[in-house]
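S.K.: Going by our numbering, the final residue of the sequence shown carries number 313, and the count climbs one at a time with no gaps. Yeah, the Cβ is synthetic: ideal placement off N, Cα and C, and Gly gets one too.
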Amino acid sequence: MEDENFDPLDKAVQKRAIKAFKKRIKLTRLDDENSGSRGAFSGGKVSSVYEIVPPKQFPQEVWDELVNIGRLSESNGFYTLVN
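1) So LEU296 is in the alpha helix (DSSP H); what residue range does that whole segment cover?
2) Less than 8 angstroms between the beta carbons of PHE336 and PRO284, yes or no?
3) I believe ILE255 touches ILE282 by the beta-carbon criterion, under 8 angstroms. Please report the beta-carbon distance rounded to the nearest angstrom.
4) Just reading off the beta strand (DSSP E) that LEU311 is part of, what are its end residues?
5) What does LEU302 pair with, by DSSP beta-bridge criteria?
6) From GLU291, LEU239, LYS275, GLN287, pick the residue whose C-alpha is nearest to that of LYS253; which is it?
7) Straight-line CA distance for ASP233 to GLN290?
8) Keeping to the same chain, check which residues put their C-beta closer than 8 angstroms to that of VAL297; ignore five residues upstream and five downstream.
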């Protein structure tokens, strides 16, 4: 996908980018919850991850447009979903 031309205003591109973002944040949270050493009978750990660097498969312009339309928020290069 990296060599494709993406129109940041295209709703289909935005939808695919949000889907990729949600999948990446979900996997990052799962990885955070499962990392570290805990006992087999511990209650588990809740992830504190709520911001990530967006997937590189979409250009920066797509992420900037998603911030402009209010789907994501950005702080210091990290993005989070807006509810």
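M.R.: Walking through what the data contain:
1) 290-298
2) It is not possible to answer for residue 336, since the shown part of the chain is limited to 231 through 313.
3) Rounded, the Cβ-Cβ distance is 5 angstroms, consistent with contact.
4) Residues 308-311.
5) LEU311
6) GLN287
7) Note that ASP233 scores a pLDDT of 44, beneath 50, so its modelled location is shaky and nothing firm can be said.
8) Taking C-beta separations shorter than 8 angstroms and ignoring five residues to either side along the sequence, the partners of VAL297 in its chain run SER303, GLU304, TYR309, following chain order.
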